[in-house]
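As structure tokens, this is what we get:
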């Protein structure tokens, strides 16, 4: 029988205001050992506020915040946390090796420089000045600094912004290795394929409230949409009027359809065009589910 991984950090009924703006509205969030939890939401949904509460950078107006059973921001909790935020503010003149040595000195049992270099992909960069690195290289240095203390709880805020495909995949491998070792990771990202590839749990928030939570498959199942692709001469305007069809687009000979009723639409397509071929039907991805779950009239108009 598989035991449930322990909770390393949690928000329970957490609320936070900025003046008249309610940024978080009674949010519940649990981060478990050995899992990647992706916190998804549109800009202004409350993601940064939730991370700030867990890091002890902000105080909750209501509810509770616990990290390793302690108030966030306490020294005992902070020693077991690593964070890679969108803004780092590192000294440009220091070399990468100097930055690693400095941050590693804060911990009693830091990860070796060799391991940091391997996990973050810093080969050939140790003697370079931080300010002379590209944006993607700087992000890899920031990741190395976040993991050099062997954190049990790791916060990654848009970690792969500015990385090329090879570097991004390398960071994904490193994250999976850390999680396999028992660390809990809270990931915020606008790359929904990244969340889909890495997440054990997905939490979707909108206007500071929880709107969906579960595995990637469970969140995708909240949306009945299917995507149909086929090479067909059937008129796109006629298909758009069929029941259950949400969107239709033609790209040359290819017709692309978004629908809530895949089977009836496929039958009508086959009846309308016996020569139809290269038919594909795909279920909703995490991106489709996210857009549907956070859809509001204002955003639709925009």
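Numbering (this note's numbering), first residue to last: 35 to 336. Positions of the beta carbon are idealized from the N, C-alpha and C atoms, including for glycine.
Quick check: the Cα distance between residue i and residue j, rounded to an integer number of angstroms?
| i | j | result |
| --- | --- | --- |
| residue 85 | residue 210 | 21 Å |
| residue 236 | residue 74 | 7 Å |
| residue 102 | residue 220 | 14 Å |
| residue 165 | residue 128 | 8 Å |
| residue 162 | residue 170 | 14 Å |
| residue 2 | residue 208 | Absent from the model: residue 2. The displayed extent of the chain is 35 to 336, so no value can be given. |
| residue 97 | residue 61 | 8 Å |
| residue 214 | residue 176 | 21 Å |
| residue 45 | residue 279 | 40 Å |
| residue 145 | residue 295 | 52 Å |
| residue 320 | residue 225 | 10 Å |
| residue 200 | residue 275 | 43 Å |
| residue 31 | residue 248 | This structure leaves residue 31 out entirely; the chain is present only between 35 and 336. |
| residue 108 | residue 99 | 12 Å |
| residue 246 | residue 168 | 37 Å |
| residue 147 | residue 303 | 60 Å |
| residue 110 | residue 191 | 22 Å |
| residue 124 | residue 134 | 11 Å |
| residue 70 | residue 258 | 25 Å |
| residue 83 | residue 93 | 10 Å |
| residue 229 | residue 318 | 15 Å |
| residue 59 | residue 256 | 22 Å |
| residue 329 | residue 312 | 31 Å |
| residue 72 | residue 222 | 6 Å |
| residue 283 | residue 299 | 15 Å |
| residue 132 | residue 232 | 31 Å |
If I'm right that residue i touches residue j with Cβ under 8 Å, what's the distance once you round it to whole angstroms?
| i | j | result |
| --- | --- | --- |
| residue 155 | residue 173 | At roughly 10 Å, the Cβ-Cβ gap does not stay under 8 Å, so residue 155 and residue 173 are not in contact. |
| residue 193 | residue 212 | Not quite, the Cβ-Cβ distance comes to about 12 Å (not below 8 Å), so this is no contact. |
| residue 184 | residue 126 | That pair is no contact at about 27 Å. |
| residue 160 | residue 130 | 5 Å |
| residue 254 | residue 315 | Residue 254 to residue 315, Cβ: 15 Å. No contact. |
| residue 218 | residue 186 | 7 Å |
| residue 49 | residue 56 | 7 Å |
According to DSSP, simplified to helix, strand and coil, what is residue i?
| i | result |
| --- | --- |
| residue 47 | strand |
| residue 52 | strand |
| residue 312 | strand |
| residue 133 | helix |
| residue 333 | Unreliable positioning characterises residue 333 in this predicted model, as indicated by a pLDDT of 45, which lies under 50. The coordinate reading is nonetheless provided below. Here residue 333 sits in helix by DSSP. |
| residue 269 | coil |
| residue 114 | coil |
| residue 20 | Since the first residue shown for the chain is 35 and the last is 336, residue 20 is missing from the structure and cannot be characterised. |
| residue 294 | coil |
| residue 285 | strand |
| residue 230 | helix |
| residue 247 | strand |
| residue 306 | helix |
| residue 204 | helix |
| residue 57 | strand |
| residue 280 | strand |
| residue 214 | helix |
| residue 317 | strand |
| residue 274 | helix |
| residue 163 | strand |
| residue 184 | coil |
Which first and last residues belong to the alpha helix (DSSP H) in which residue i is found?
| i | result |
| --- | --- |
| residue 197 | Here residue 197 belongs to no alpha helix (DSSP H), and DSSP marks it neither H nor E. |
| residue 324 | 320-327 |
| residue 83 | 81-89 |
| residue 169 | 169-181 |
Establish whether the CB of residue i and some CB of chain D are separated by less than 7 Å.
| i | result |
| --- | --- |
| residue 165 | In summary, chain D is missing from the structure at hand, where a single protein chain is found. |
Quick one: give me the first and last residue of the beta strand (DSSP E) that residue i is part of.
| i | result |
| --- | --- |
| residue 372 | Residue 372 is absent from the structure shown; the chain starts at 35 and stops at 336. |
| residue 149 | That residue, residue 149, is in no beta strand (DSSP E); its alpha helix (DSSP H) goes 147-154. |
| residue 189 | 187-191 |
| residue 67 | Element bounds for residue 67: n/a, residue is neither H nor E. |
| residue 235 | 235-240 |
| residue 97 | 96-101 |
| residue 218 | 218-222 |
Heavy atom of the ligand SAM less than 6 Å from the Cβ of residue i, yes or no?
| i | result |
| --- | --- |
| residue 306 | This structure lacks the ligand SAM; in fact it carries no ligand of any kind. |
*Any chance the segment 253-267 sits against the segment 290-310, with 3 or more Cβ pairs inside 8 Å?*
yes
_Could you check whether the segment 176-188 touches the segment 118-126, counting it as contact only if at least three pairs of C-beta atoms, one from each stretch, sit closer than 8 Å?_
yes
*asked:* Between the segment 65-72 and the segment 37-45, can you find at least three pairs of beta-carbon atoms closer than 8 Å?
replied: yes
_Three or more C-beta pairs under 8 Å: does that hold for the segment 234-252 against the segment 281-293?_
no
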